[in-house]
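Okay, structure first, notes after.
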Amino acid sequence: MADASGDDDGTPMPWPAHLDLPVDSDVPEGARPVVHQGAAGALRERWDILLAIAAGGALGSLARWAVSRGWDHTARQMPWSTWVENVTGAFALGLLMVLIVDLWPRTRYLRPFLGVGLLGGYTTFSTYMLDTRLLLAAGEVPMAFVYLFGTLLTGLLAVWIGMMSARGVVSAAAQRARGSGRRSGSGPKGRAGR
Amino acid sequence: MTVVLVLVGGAVGAPLRYLTDLFVQSRHDSVLPWGTVIVNVAGSLILGATASAVVNSGAHSWLLTLVGTGFCGALTTFSTFGFETVRLLEKGSWVEALLNVTLSLAAGMLAVLAGWALVSAMW
Chain A
5 MADASGDDDG
15 TPMPWPAHLD
25 LPVDSDVPEG
35 ARPVVHQGAA
45 GALRERWDIL
55 LAIAAGGALG
65 SLARWAVSRG
75 WDHTARQMPW
85 STWVENVTGA
95 FALGLLMVLI
105 VDLWPRTRYL
115 RPFLGVGLLG
125 GYTTFSTYML
135 DTRLLLAAGE
145 VPMAFVYLFG
155 TLLTGLLAVW
165 IGMMSARGVV
175 SAAAQRARGS
185 GRRSGSGPKG
195 RAGR
Chain B
183 MTVVLVLVGG
193 AVGAPLRYLT
203 DLFVQSRHDS
213 VLPWGTVIVN
223 VAGSLILGAT
233 ASAVVNSGAH
243 SWLLTLVGTG
253 FCGALTTFST
263 FGFETVRLLE
273 KGSWVEALLN
283 VTLSLAAGML
293 AVLAGWALVS
303 AMW
């Protein structure tokens, strides 16, 4: 995957090197055709994946509950706890997805447990909507809009920063691998690794 | 007790999101992540209804912990919504990214309002 950057001149990887990163972080592309057998087929074939997701979802929900409980807010206050959960979870998913796709593509349970389960359960869209509704109902209209669009913008930025950080790690690792490959004189084919 | 309700709700909600996404994504080939849109809107509807039942209609608050914090919290996801939007932007699918954001927020808000209003009108 890192080879898509081309030359061995040590330049950082350009965007297109990562276009194989999926849009949907929950369901890998290759996993889709199986579902034509129906939900029962998916349950039979992937009960272990579903268990990993359930375990992650339970723990992520518990973490979200713990943060919200320790940081309560009334209907007239900015729901900082939900904001923090969503933005930190978004950052972590951006980071995780790049690392999984570029560094650990062979792991079976990492993405279901951490990505779909833990971070999916830790972040929440429904409470984000309910918080906004409660602020609107309390007459805090400007705060409701700041919260609605503020969460959106900072959340998207957090995903992007997470992805960029992980790409930095990945390209540093690729550069190290290239460097050692050159020293051992194995040439381009010698660093095929996988 | 509260911890158990959150754990159980989360353990059911997250796999249901995955199954819904599998089911939805295998049945269309559009660029928009419909699976996530659907779970987020459905979860917002259910949470609006549940919160209304507890606040307006005297339902016991454990219902909000189990169904709201646990189930709806895990069924819906902000991280995947954000990730999918950023990926669409990176791919240059600006229109789809904007559509994903607009659709998710507008339908999500309508759903939470509708769920709330429906329950307080009925009970």
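Protein chains in written order, with our numbering: chain A, 5 to 198; chain B, 183 to 305.
C-beta atoms are modelled at their ideal positions from N, C-alpha and C, and glycine is treated no differently.
Small disclaimer: the values here were computed from a predicted structure and weren't measured.
From the beta carbon of B:Ala299, is the nearest beta carbon of chain A less than 8 Å away? Against the second sequence, residue 299 of chain B aligns to sequence position 117. Not closer than 8 Å to any Cβ of chain A, the Cβ of B:Ala299 fails to qualify, so no.
Option in B:Trp298, B:Gly264, B:Cys254 and B:Gly297 with minimal Cα separation from A:Ala162: Here residue 162 of chain A is taken as the residue at index 158 of the first sequence, counted from 1. When each option's Cα is compared against that of A:Ala162, the closest is B:Gly264.
How long is the line joining the alpha carbons of A:Ser169 and A:Gly93, rounded to whole angstroms? Walking along the first sequence from the start, residue 169 of chain A turns up at place 165. Walking along the first sequence from the start, residue 93 of chain A turns up at place 89. Their backbone Cα atoms lie some 15 Å apart in a straight line.
By the criterion of Cβ-Cβ separation under 7 Å, what are the contact partners of A:Thr127 in chain B? The residue you call residue 127 of chain A lines up with position 123 of the first sequence. Chain B residues near A:Thr127: Thr259, Phe260 and Ser261.
Measure how close the beta-carbons of A:Val127 and B:Met291 come, nearest whole angstrom, since I'm counting them as under 8 Å. Position 123 of the first sequence, counted from the first residue, corresponds to residue 127 of chain A. Position 109 of the second sequence, counted from the first residue, corresponds to residue 291 of chain B. Note on residue identity: the sequence assigns Thr, not Val, to residue 127 of chain A. Going by Cβ atoms, the distance from A:Thr127 to B:Met291 rounds to 18 Å, so no, they are not a contact pair.
Quick check: what's the CA-CA separation for A:Thr155 versus A:Val27? On the first sequence, residue 155 of chain A is found 151 positions in, with the first residue counted as 1. On the first sequence, residue 27 of chain A is found 23 positions in, with the first residue counted as 1. Distance between the alpha carbons of A:Thr155 and A:Val27 is about 20 Å.
Looking at the C-beta of A:Val39, does it have a partner C-beta in chain B at a distance below 8 Å? Walking along the first sequence from the start, residue 39 of chain A turns up at place 35. Low per-residue confidence applies at A:Val39: pLDDT is 44, beneath 50, and the placement is therefore not dependable enough to give any value.
Nonlocal neighbours in the same chain, by C-beta distance under 6 Å from B:Ser302, ignoring five residues either side: Here residue 302 of chain B refers to the residue found at position 120 of the second sequence. Answer for B:Ser302: Ser234 and Asn238, listed in chain order.
Check whether chain A comes within 8 Å of B:Asn238, counting only Cβ atoms and requiring the distance to be less than that. Within the second sequence, numbered from 1, the residue matching residue 238 of chain B stands at position 56. Not an interface residue.
Please determine, among B:Leu300, B:Ser275, B:Gly274 and B:Thr267, the residue with the shortest C-alpha to C-alpha distance to B:Leu287. Within the second sequence, the letter at position 105 stands for residue 287 of chain B. It is B:Thr267 whose Cα lies nearest to the Cα of B:Leu287.
State yes or no: is the beta carbon of A:Arg104 nearer than 8 Å to at least one beta carbon in chain B? Stepping through the first sequence from its first residue, residue 104 of chain A is reached at position 100. Looking at the sequence shown, residue 104 of chain A is not Arg but Ile. No, because no Cβ of chain B sits closer than 8 Å to the Cβ of A:Ile104.
Using the Cβ count rule (16 or more neighbours within 10 Å means buried), how would you classify A:Ser184? As a first step, residue 184 of chain A is located in the first sequence; it is residue number 180 there, counting from the start. Classification of A:Ser184: exposed, given that the 10 Å Cβ count is below 16.
Nearest-angstrom Cα distance between A:Ser72 and B:Gly217? Reading the first sequence from its first residue, position 68 is the one you call residue 72 of chain A. Reading the second sequence from its first residue, position 35 is the one you call residue 217 of chain B. Rounded to the nearest angstrom, the two C-alpha atoms are 27 Å apart.
Decide yes or no for the touch test of the region 196-211 of chain B against the region 243-262 of chain B: beta carbon pairs closer than 8 Å, at least 3 of them. yes
Pick helix, strand or coil for B:Ser239, following the three-state DSSP scheme. Within the second sequence, numbered from 1, the residue matching residue 239 of chain B stands at position 57. The answer is coil: DSSP assigns B:Ser239 none of H, G, I, E or B.
In the DSSP assignment, find the alpha helix (DSSP H) that holds B:Thr248 and state where it starts and stops. As a working mapping, residue 248 of chain B is identified with position 66 in the second sequence. Inspection of the sequence shows that residue 248 of chain B is occupied by Leu rather than by Thr. Counting along the chain, B:Leu248 falls outside any alpha helix (DSSP H), and DSSP gives it neither H nor E.
Counting only Cβ pairs nearer than 9 Å, list the residues of chain A close to B:Asp211. For the purposes of this step, residue 211 of chain B is identified with residue 29 of the second sequence, where counting begins at 1. The contacting residues do not exist; B:Asp211 stays about 10 Å from chain A at best.
Would B:Met183 count as contacting chain A if we go by Cβ distances under 8 Å? Locating residue 183 of chain B in the second sequence gives position 1, where the first residue counts as 1. Closer than 8 Å: no.
Whole-number beta carbon distance between B:Gly230 and B:Val294, since they are thought to touch under 8 Å: Here residue 294 of chain B refers to the residue found at position 112 of the second sequence. Here residue 230 of chain B refers to the residue found at position 48 of the second sequence. About 4 Å separates the two Cβ atoms, so the contact holds.
Alpha carbon to alpha carbon, how far is A:Val38 from B:Val206? As a first step, residue 38 of chain A is located in the first sequence; it is residue number 34 there, counting from the start. As a first step, residue 206 of chain B is located in the second sequence; it is residue number 24 there, counting from the start. In this prediction, A:Val38 has a pLDDT of 45, which is less than 50 and means its spatial position is unreliable; nothing more can be read from the coordinates.
At a CB-CB cut-off below 8 Å, which residues of chain A make contact with B:Val268? Sequence index remark: in the second sequence, residue 268 of chain B carries index 86 (1-based). Residues of chain A passing the Cβ test: Gly98, Leu160, Val163, Trp164 and Met167.
Which same chain residues end up closer than 7 Å to B:Ser275 when comparing Cβ atoms and leaving out the 5 residues on each side of it in sequence? Counted from its first residue, the second sequence places residue 275 of chain B at position 93. Excluding residues within five positions, the ones whose Cβ falls inside 7 Å are Val213.
Considering Cα atoms alone, identify which of A:Thr131, A:Met167 and A:Trp164 is closest to A:Tyr151. On the first sequence, position 147 is the one that residue 151 of chain A refers to. The shortest Cα separation from A:Tyr151 among A:Thr131, A:Met167 and A:Trp164 belongs to A:Thr131.
A:Thr78: which of A:Ala142, A:Ala181, A:Gln179 and A:Arg182 sits nearest, CA to CA? Looking up residue 78 of chain A in the first sequence gives position 74. Answer by Cα proximity: A:Ala142.
Segments of 3+ residues assigned as beta strand (DSSP E) that fall wholly inside the region 127-171 of chain A: none
List the endpoints of the continuous alpha helix (DSSP H) containing A:Asp52. As a first step, residue 52 of chain A is located in the first sequence; it is residue number 48 there, counting from the start. That run of the alpha helix (DSSP H) goes Trp51 to Gly74.
Cβ neighbour criterion (16 or more within 10 Å) applied to B:Gly192: Here the question's residue 192 of chain B lines up with position 10 in the second sequence. Buried is the call here.
Step through the CB atoms of chain A and report whether any lies within less than 8 Å of the CB of B:Ser226. For this step, residue 226 of chain B is matched to residue 44 along the second sequence. Chain A, which has a Cβ nearer than 8 Å to the Cβ of B:Ser226, makes this yes.
Same chain, Cβ closer than 7 Å to B:Leu246, neighbours up to 5 away in sequence not counted: For the purposes of this step, residue 246 of chain B is taken as residue 64 along the second sequence, with counting starting at 1. Taken in chain order, the residues that qualify are Thr232, Ala233 and Val236.
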